[in-house]
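Remarks on the structure that follows.
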Amino acid sequence: MGSSNGHCSISLAVLFVFVVTGDANLGSCGCFKRIFSFGDSIIDTGNFAYTIRNRPPSPPSVLPYGETYFHHPTGRASDGRLIMDFYAQALGLPLLPPSLPEEKTGQFPTGANFAVFGAMALNPNYFKSRYNLSVPFPWSLHDQLATFNKVLTRIAPGDAATKRLLSESLVVFGEIGGNDYNFWFFDSELSKDRNTPLQYMPDIIDRIGAGVQKVINLGAKTILVPGNFPIGCVPAYLSIHKSNTSADYDQFGCLAWFNAFSRRHNQLLKQEIGRLKSRNPSVKIIYADYYGAFMEFIRNPNRNGIDSPLVACCGGNGPYGTGLPCDRNAKVCRDPSRFAN
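Numbering (mature numbering (1 follows the signal peptide of the UniProt record, and there is no 0)), first residue to last: -24 to -1, 1 to 317.
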């Protein structure tokens, strides 16, 4: 899904329960010595903030980000913890540090996070060469894997050492690909054409699959691969693509076409995971159902302590609480624990 207007620590805790204990069966087994992760703002624990450290502060480097759990901004696109933090805590590991601040010196004894806010699965030159478009952020999955390779060469030199280190690690590969769709669908002109993102969707899946195969070749034995969220339930999508046609919405008030789009992405991703499993029978590759977990909040908000599942905690006015960046000037909800966005 990429960046959004806000996240909720309590909601993410529930999401973790659905994703990991329900499907991945990882539990607090103590069987992983470290975690390595790749993705975008959904799990970036500070890499983006580090890259813009010499520029004027911008989200997620200012309050209200970080106000609840850490009580100060940490570079996370959240009021508190991210789902990556819940993974680490459930496995009895420290919170995962961002890789970029210590890329050249850190030993990362319990792992590192290579995810970057705004990162895309496809390289920026993909969109430039095919559509003559410039994307809003320069970071891609390719860049994260290149940094990962550099770190591995330094902390575990040689094939044997690298394979041993990765065999004891959990690799979290995503969510990634959401921003490849967001930049298109958030543009008022581009979004008039909904077919093109469907056409480049298989290329996103191929890039994810190639990345997973790359970490397998390096020695990874357990890989968690999350799918996309129901983007039709995301406040930014609901606001940008607001419709006067009731048939455009499902029974929960989400945009039906965009949720079907997410399901298509996830269907292709699961097929790719199936192919990867066939080629790598000794490797455990786990699909994490972020779509289903998030829809639990939408279908049963009261049961999950959510007041308005389609409204952003941080943003502006209007029916979905959007319209302003989430910064010091934004309208912020009193209790983020009761919001799913």
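A virtual CB, placed ideally from N, CA and C, is assigned to each residue, including glycine.
Item to complete: Kindly provide the ranges of any alpha helix (DSSP H) runs that are 4 or more residues long and lie completely inside the region 92 to 122, ordered along the chain.
Response: Whole alpha helix (DSSP H) segments, 4+ residues: 100 to 107.
Discussion item. By alpha-carbon positions, which one of Asn278, Ser54 and Thr138 ends up nearest to Val191?
Written reply: Taking only the C-alpha atoms, the option nearest Val191 is Thr138.
Discussion item. Checking 7 Å against the spacing of the C-beta atoms, do Phe8 and Leu67 come in under that value?
Written reply: Cβ distance < 7 Å, so Phe8 and Leu67 count as in contact.
Discussion item. Could you compute how far the alpha carbon of His48 sits from the alpha carbon of Leu39?
Written reply: Taking the straight line joining both Cα atoms gives about 7 Å.
Worksheet item: Roughly how many whole angstroms lie between the Cα atoms of Pro33 and Phe234?
Response: When rounded, the distance between both Cα atoms is 33 Å.
Worksheet entry | Closest by C-alpha distance to Glu248, when choosing among Val188, Phe162 and Ala53 | Distance from the Cα of Glu248 is smallest, within the candidate group Val188, Phe162 and Ala53, for Val188.
Worksheet item: With distances taken from CA atoms, which of Ser254, Tyr45 and Ala25 is nearest Gly51?
Response: With distances taken between Cα atoms, Gly51 lies closest to Ala25.
Worksheet entry | Residue from Thr44, Arg29 and Ile18 whose Cα sits closest to the Cα of Met60 | Per the Cα distances, Ile18.
Practice prompt. Report yes if the C-beta distance between Asn155 and Val92 is below 7 Å; otherwise report no.
Written response: The Cβ atoms of Asn155 and Val92 lie no closer than 7 Å to each other.
Item to complete: Please confirm if the region 199 to 211 is in contact with the region 231 to 245, defined as three or more CB-CB distances below 8 Å between the two stretches.
Response: Segment contact: the region 199 to 211 against the region 231 to 245, three or more CB-CB distances shorter than 8 Å; contact assigned.
Worksheet item: Taking DSSP as the reference, what is the three-state secondary structure of Cys230?
Response: The answer is coil: DSSP assigns Cys230 none of H, G, I, E or B.
Worksheet item: For Cys290, does the three-state DSSP call read helix, strand or coil?
Response: Here Cys290 sits in strand by DSSP.
Worksheet item: Touching or not, the region 127 to 135 and the region 77 to 84, by the rule of three or more beta carbon pairs under 8 Å?
Response: These segments touch.
Fill in: CA nearest to the CA of Ile184, picked from Ser238, Leu58, His118 and Phe162
The shortest Cα separation from Ile184 among Ser238, Leu58, His118 and Phe162 belongs to His118.
Discussion item. Going by DSSP, what residue range makes up the beta strand (DSSP E) through Ile11?
Written reply: Segment Arg10 to Phe14, the beta strand (DSSP E) holding Ile11.
Practice prompt. Measuring alpha carbon to alpha carbon, tell me which of Arg314, Pro301 and Arg251 ends up nearest Arg279.
Written response: Of the candidates Arg314, Pro301 and Arg251, the one whose C-alpha sits nearest the C-alpha of Arg279 is Arg314.
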